[in-house]
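In terms of my numbering, the sequence shown opens at residue 113 and continues consecutively. Ideal Cβ positions, reconstructed from N, Cα and C, are used throughout, including at glycine. If you're wondering where the values come from, they're calculated on a predicted model, not measured in any experiment. A quick write-up on the structure given underneath.
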Amino acid sequence: MTAAQQQYPLGTTVRPINGPGEVELFNQLRYAFDDEIAGDLVAGRRRPEWLWVALHEGRVVARAGWWCRAGDERPLLFDIFDCAEGHETAGRRLLETALAAVAADGATPPQWVRFVPGGWRDDPAVRPGVDALVALVEEQGATPFVERLRFQWNPGTPLGEPDKRLSFRPVAGREELVDLMTEVLDGTLDAHSRRDLLTMTPRQAALEQYEDEMEKYTTPRDWWRVAVLPGGEPVGFVIAARNSYNAIIAYLGVRPAHRGHGYADSLLTEGTRLLAETGVPRVRATTDLGNTPMAAAFLRAGYVNYEREIHYAWS
Numbered sequence: 113m114t115a116a117q118q119q120y121p122l123g124t125t126v127r128p129i130n131g132p133g134e135v136e137l138f139n140q141l142r143y144a145f146d147d148e149i150a151g152d153l154v155a156g157r158r159r160p161e162w163l164w165v166a167l168h169e170g171r172v173v174a175r176a177g178w179w180c181r182a183g184d185e186r187p188l189l190f191d192i193f194d195c196a197e198g199h200e201t202a203g204r205r206l207l208e209t210a211l212a213a214v215a216a217d218g219a220t221p222p223q224w225v226r227f228v229p230g231g232w233r234d235d236p237a238v239r240p241g242v243d244a245l246v247a248l249v250e251e252q253g254a255t256p257f258v259e260r261l262r263f264q265w266n267p268g269t270p271l272g273e274p275d276k277r278l279s280f281r282p283v284a285g286r287e288e289l290v291d292l293m294t295e296v297l298d299g300t301l302d303a304h305s306r307r308d309l310l311t312m313t314p315r316q317a318a319l320e321q322y323e324d325e326m327e328k329y330t331t332p333r334d335w336w337r338v339a340v341l342p343g344g345e346p347v348g349f350v351i352a353a354r355n356s357y358n359a360i361i362a363y364l365g366v367r368p369a370h371r372g373h374g375y376a377d378s379l380l381t382e383g384t385r386l387l388a389e390t391g392v393p394r395v396r397a398t399t400d401l402g403n404t405p406m407a408a409a410f411l412r413a414g415y416v417n418y419e420r421e422i423h424y425a426w427s
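And the structure:
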């Protein structure tokens, strides 16, 4: 018997799904991404061997799923983990088995990410379930990494007036953007960037982020805008894009020498305006809970903080 189909006491079976035909089975437990899973399998953002279930008497009592960008060879995020109340033992066994299979080559498992309501800690209808999942993930060696705020701008929300101090132009090319990304890492409040800077130079961290993220966006490069002063000096940049699901503000940065002058608001307005003019149904963005200046900028721009996400990482 393989590890992928181990039999556990009390009639519990832990295994990956047997292809797209078992998406409905996988979705017996419900979460935010259920309507996307079938399409993700077709697009290569998920694989059957990354979608695991624990079955008890033919019913799914726990499940786990990993996601990647189309074309990636390894999962990028562990973004689905659900366990029915009273079936924590099955959830534990599922997690042990699936983690060992998905990270079989000894690589560090991807971060676990869970979407939660903004006030989840104070909500008795939500917190016990989240705490139960957290406990199971922590048993496998994960520790809290960061909590992030999820924002959404809806069409019809007023946009700020253009900043008369600035003009905007497209990013000149790869080198200019990597240079600007390198500069804005000075004093960054982003937890992932701060982690990268523990083992990389700012230039290395910026280049890796460019290659792993920015370069993968297929939307027009002239949506990548640099804000400049009348003399032509750049003060910062905003990356407006579309990922596989939504229009997004992918990255916004202000050069250290120009912080404190409200330029983040101007950049955010420009990026949002670009996306709004394409007729998108919404614009989404995220920032760390600890990045209070950026969170405040989103709120001033009319974005709604509709959700949070918690991240747990394996070292």
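Inset, instruction - For HIS370, I'd like the list of residues in its chain whose CB is within less than 7 Å of its CB, leaving aside the five on either flank, ordered along the chain. - result: VAL347, GLY348
Inset, instruction - May I ask which residues mark the beginning and end of the beta strand (DSSP E) holding GLN264? - result: 255-265
Legend entry - Burial state of SER378 (16 or more Cβ within 10 Å): Around the Cβ of SER378, a 10 Å sphere holds 16 or more other Cβ atoms; the residue is buried.
Legend entry - Separation of TYR363 from ASP334, as counted between CA atoms: 14 Å
Legend entry - Beta-carbon proximity check, VAL258 vs ASP400, cutoff 7 Å: yes
Inset, instruction - Return helix, strand or coil for TYR426, following the three-state DSSP convention. - result: Just to set this straight, residue 426 is Trp in the shown sequence, not Tyr. It is coil, neither helix nor strand.
Inset, instruction - With DSSP collapsed to three states, give me the class of GLU382. - result: helix
Legend entry - Collapsed DSSP secondary structure at MET113 in the structure displayed: Low confidence applies to MET113: its pLDDT is 37, below 50, so where it sits in the model is not reliable, and the reading given next is rough at best. Reduced to three states, the DSSP call for MET113 is coil.
Legend entry - Simplified DSSP state of ILE129, which is helix, strand or coil: coil
Inset, instruction - Can you grab the Cα-Cα spacing for the pair PRO160 / GLY183, in whole Å? - result: 15 Å
Inset, instruction - Determine the direct distance from the alpha carbon of ARG262 to that of MET113, and round the result to whole angstroms. - result: Its pLDDT being 37, under 50, MET113 is placed unreliably in this model, and the coordinates cannot settle the point.
Inset, instruction - Would you tell me roughly how many angstroms separate the C-alpha atoms of TRP179 and TRP162, rounded to the nearest one? - result: Rounded to the nearest angstrom, the two C-alpha atoms are 8 Å apart.
Inset, instruction - Please report how far the alpha carbon of THR311 lies from the alpha carbon of SER305, in whole angstroms. - result: 11 Å
Legend entry - Three-state secondary structure assigned by DSSP to GLY241: helix
Legend entry - Through-space distance from THR381 to ALA352, alpha-carbon basis: 11 Å
Inset, instruction - For ASN358, I'd like the list of residues in its chain whose CB is within less than 8 Å of its CB, leaving aside the five on either flank, ordered along the chain. - result: VAL392, ARG394, VAL395, ARG396
Inset, instruction - If I'm right that ARG260 touches GLU421 with Cβ under 8 Å, what's the distance once you round it to whole angstroms? - result: By a beta-carbon distance limit of 8 Å, ARG260 contacts GLU421. Their separation comes to about 5 Å.
Inset, instruction - Look at the alpha carbon of THR125 and the alpha carbon of THR269, and state the distance between them as a whole number of angstroms. - result: 49 Å
Inset, instruction - Report yes or no: is there a C-beta of chain D within less than 7 Å of the C-beta of GLY299? - result: Of the chains in the structure shown, none is chain D; there is only one protein chain.
Legend entry - Span separating the alpha-carbon of LEU319 from that of TYR329: 15 Å
Legend entry - Euclidean distance between Cα positions of LEU477 and ASP152: Since the first and last residues shown for the chain are 113 and 427, residue 477 lies out of range.
Legend entry - Inter-residue spacing [alpha-carbon to alpha-carbon] between ASP298 and PRO314: 8 Å
Legend entry - Stretch-stretch touch, CB-based, cutoff 8 Å, three pairs: the segment 219-236 with the segment 269-281: no
Inset, instruction - Check PRO121 in the structure and name its three-state DSSP category. - result: Note that PRO121 scores a pLDDT of 48, beneath 50, so its modelled location is shaky; the value from the coordinates is reported in the next line. It is helical.
Inset, instruction - Rounded to whole angstroms, what's the CA-CA distance from ILE129 to TRP164? Just pull it up for me. - result: Taking the straight line from one Cα to the other gives about 6 Å.
Inset, instruction - From the DSSP output, in three-state form, read off VAL340 for me. - result: strand
Inset, instruction - Report the option in VAL366, GLY253, ILE360 whose CA atom is closest to the CA atom of SER427. - result: Of the candidates VAL366, GLY253, ILE360, the one whose C-alpha sits nearest the C-alpha of SER427 is GLY253.
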